[in-house]
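Chemist: Below you will find the structure I want to go over with you.
In my numbering, the protein residues as written are 177 to 248.
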């Protein structure tokens, strides 16, 4: 079992403070670490969806440019 008293013990005091502040913020916003993980997963899925959309748009733009140059 994980000894929670040793988690982050290798961090410098300033890093520990920053990490604790981040954790408290996320717990305040989402209520639990599970809720934070769910939200992060949703955001990652949205980012992947947007990446695919950008790739499709860029591919379509490349094809349009190619068609214009070959038709002239």
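In this text, a Cβ means the ideal position worked out from N, Cα and C, and glycines have one as well. All figures in this text were calculated on a predicted structure; none of them were measured in a lab.
#1: Does residue 238 come out as helix, strand or coil in the three-state DSSP assignment?
#2: My output table needs one value for residue 188: the three-state DSSP class, helix, strand or coil.
#3: Quick one: Cα of residue 206 to Cα of residue 219, how far?
#4: Put residue 208 into one of helix, strand or coil per three-state DSSP.
#5: Measuring CB to CB, does residue 195 end up less than 9 Å from residue 203?
#6: Go ahead and pull the three-state DSSP assignment for residue 195.
Modeler: The short version:
#1: helix
#2: coil
#3: 14 Å
#4: coil
#5: no
#6: helix
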